[in-house]
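The structure appears below as structure tokens.
Spelled out as structure tokens, the structure:
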């Protein structure tokens, strides 16, 4: 989501996952817990002013291709609060092309779990480990990662596959590169009992198991 309207957004909570269900998320009913790659808001109307967008897109394509080759689900998340469905800004960047059968999640809030079927989508494949890419780093990407942590998932932030714009915050200019670095540091240091978190480059992400690189 873009910054211009964020100050006016209202906070939305969704019901926390009970501990009994968190155990299921962490260990799953399947023999091997599963990973899913989430591509968040890499839309035409979002990425235009973001830093290193060409590099982020190219690396995300590489990661998505590897996920498909390894049989790992790819989930596409799109904002439709700022960008009505079907509008030019709503469309995914042309570099990103979902294939038939890949889940699409359409959201109206920073948190992709809020008011969507994302949790059901993940449950269908017994997913326990989310690999996050997308935009904007400090809004929808970070919010989704934190929400996933609260819900009991392991989270890997792909450190070179998310992006944002610079911003004036309380009268201080913070560059997009600095924001990306801060969000990477945040997830690299995140700790929850019984869960794993990391921020690693796309070529170091472990996809075929629940173990976080």
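Numbering (UniProt numbering), first residue to last: 1 to 213.
Glycine is no exception: its CB is placed at the ideal position from the N, C-alpha and C atoms.
Out of the options, which has the shortest C-alpha to C-alpha gap to residue i?
i           : options           : result
residue 36  : 185, 156, 198     : 156
residue 98  : 171, 68, 137, 123 : 68
residue 177 : 164, 144, 88      : 164
residue 79  : 70, 72, 92        : 92
residue 188 : 159, 136, 167     : 159
residue 186 : 141, 170, 168, 60 : 141
residue 100 : 182, 113, 73, 89  : 73
residue 120 : 103, 49, 167      : 103
residue 133 : 81, 184, 49       : 184
residue 86  : 96, 43, 48, 49    : 43
residue 205 : 137, 166, 70      : 70
residue 60  : 90, 95, 113       : 95
With residue i and residue j assumed to form a contact (beta carbons below 8 Å), what rounded beta-carbon distance in angstroms separates them?
i           : j           : result
residue 83  : residue 45  : 5 Å
residue 190 : residue 131 : Actually they do not touch by this definition, with Cβ atoms about 15 Å apart.
residue 128 : residue 111 : The pair is not a contact, with the Cβ atoms about 19 Å apart (cut-off 8 Å).
residue 162 : residue 51  : That belief does not hold up - the Cβ atoms of residue 162 and residue 51 are roughly 10 Å apart, past 8 Å.
residue 40  : residue 144 : 6 Å
residue 125 : residue 34  : 5 Å
residue 108 : residue 136 : Actually they are not in contact, since the Cβ atoms of residue 108 and residue 136 sit about 16 Å apart, beyond 8 Å.
Indicate the three-state DSSP secondary structure (helix, strand or coil) for residue i in the structure shown.
i           : result
residue 126 : coil
residue 161 : strand
residue 187 : helix
residue 182 : helix
residue 174 : strand
residue 69  : helix
residue 103 : strand
residue 148 : helix
residue 57  : helix
residue 134 : strand
residue 111 : coil
residue 64  : helix
residue 214 : Absent from the model: residue 214. The displayed extent of the chain is 1 to 213, so no value can be given.
residue 93  : coil
Mark residue i as exposed unless 16 or more other C-beta atoms lie within 10 angstroms of its C-beta, in which case mark it buried.
i           : result
residue 62  : exposed
residue 76  : buried
residue 169 : exposed
residue 88  : exposed
residue 182 : exposed
residue 172 : exposed
The region 191-200 / the region 149-166 touching (three or more Cβ pairs under 8 Å): When C-beta atoms of the region 191-200 are compared with those of the region 149-166, three or more pairs fall below 8 Å, so the two segments count as touching.
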